[in-house]
Ligand code: ATP
């Protein structure tokens, strides 16, 4: 297994990518808990432009960005990094991670993902190289029962750590399973609920819910 030493004078950089169509509490709460567990003061939210693994987002990049801005007002841990939206191509994580590595040299990068993403990681473009560029911090996901296939089991056997110092002392290479709350919600569930006008208020940051109502988003579920 290859891991790279880090510039230990620099703090770890947290990044969390998603379609955020719309951003919800299941995105924010687990990552906030994991960030606290790891001593991070900031996490960058990266809205993707064109998700390679699923249908195109229902809302425009402008709406998704506006909702993220409102979420950040309520959750000051988070800031927006819109680099993927600037690239007119599918948002492959490997390209984004290489871009971070170019910008931040050997600073440790913590790439937050949900447990469903870990279980399907071996379907990602160039998945075997992902950990060259970052550590993975995996959040529990309430609406998903984890099952590790042979590739993911091997990856975890090689790279799993429970030691935060390993993350601090290397720029990438490790996988950390965080002990976060299980929040059983997804953007898909929320879009479906909104199309019937019966969304559970606790699923969305209040200002995001107001924005969705004001702009009449997700009235029709595709
Ligand atoms: P959709 O339902 O449209 O597929 P989603 O709710 O799964 O969307 P994404 O924006 O695709 O959200 O996910 C971005 C990241 O957030 C992924 O790593 C995913 O695993 C994680 N995530 C989403 N919902 C949750 C949740 N309830 N708990 C933990 N992680 C989550």
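Residue numbers (full-length UniProt numbering): 1 to 222.
All C-beta atoms, glycine included, are put in the ideal place defined by N, C-alpha and C.
Could you please give the first and the last residue of the uninterrupted alpha helix (DSSP H) stretch that includes residue i?
i, result
"residue 31", "25 to 38"
"residue 135", "Taken as a continuous stretch (DSSP letters only), residue 135 belongs to no alpha helix (DSSP H), being part of the beta strand (DSSP E) at 135 to 139."
"residue 94", "93 to 104"
"residue 117", "115 to 119"
Whole angstroms are fine: how far does the CA of residue j sit from the CA of residue i?
i, j, result
"residue 136", "residue 113", "7 angstroms"
"residue 116", "residue 142", "10 angstroms"
"residue 173", "residue 130", "9 angstroms"
"residue 195", "residue 206", "18 angstroms"
"residue 87", "residue 68", "18 angstroms"
"residue 71", "residue 208", "6 angstroms"
"residue 52", "residue 91", "6 angstroms"
"residue 42", "residue 103", "17 angstroms"
"residue 48", "residue 18", "6 angstroms"
"residue 162", "residue 188", "32 angstroms"
"residue 149", "residue 37", "27 angstroms"
"residue 64", "residue 22", "6 angstroms"
"residue 45", "residue 75", "11 angstroms"
"residue 202", "residue 29", "11 angstroms"
"residue 214", "residue 180", "32 angstroms"
"residue 145", "residue 54", "20 angstroms"
"residue 98", "residue 106", "11 angstroms"
For residue i, which residues from the same chain have a beta carbon less than 6 angstroms from its beta carbon, with the 5 sequence-adjacent residues on both sides left out?
i, result
"residue 111", "15, 134 and 136"
"residue 118", "138"
"residue 204", "24"
"residue 184", "142 and 143"
"residue 193", "199"
"residue 182", "140 and 142"
"residue 166", "174"
"residue 160", "175"
Over what stretch of residues does the beta strand (DSSP E) that includes residue i continue unbroken?
i, result
"residue 80", "78 to 80"
"residue 176", "175 to 177"
"residue 205", "That residue, residue 205, is in no beta strand (DSSP E); it is neither H nor E in DSSP."
"residue 191", "Counting along the chain, residue 191 falls outside any beta strand (DSSP E), though it belongs to the alpha helix (DSSP H) covering 187 to 195."
"residue 15", "13 to 18"
"residue 44", "43 to 47"
Leaving out the 5 sequence neighbours to the left and right, which residues in its chain are closer than 7 angstroms to residue i when beta-carbon positions are compared?
i, result
"residue 66", "211"
"residue 60", "none"
"residue 164", "38"
When the Cα of residue i is compared with those of the options, which residue comes out closest?
i, options, result
"residue 50", "36, 32 and 82", "82"
"residue 124", "29, 151 and 34", "151"
"residue 186", "26, 13, 12 and 11", "26"
"residue 58", "191, 197, 202 and 213", "191"
"residue 122", "13, 147, 85 and 11", "147"
"residue 95", "79, 127 and 176", "127"
"residue 85", "157, 20, 120 and 219", "20"
Once the 5 residues before and after residue i are set aside, which same chain residues still bring their CB inside 8 angstroms of it?
i, result
"residue 100", "13, 15, 109, 133 and 134"
"residue 79", "42, 43, 44, 45 and 72"
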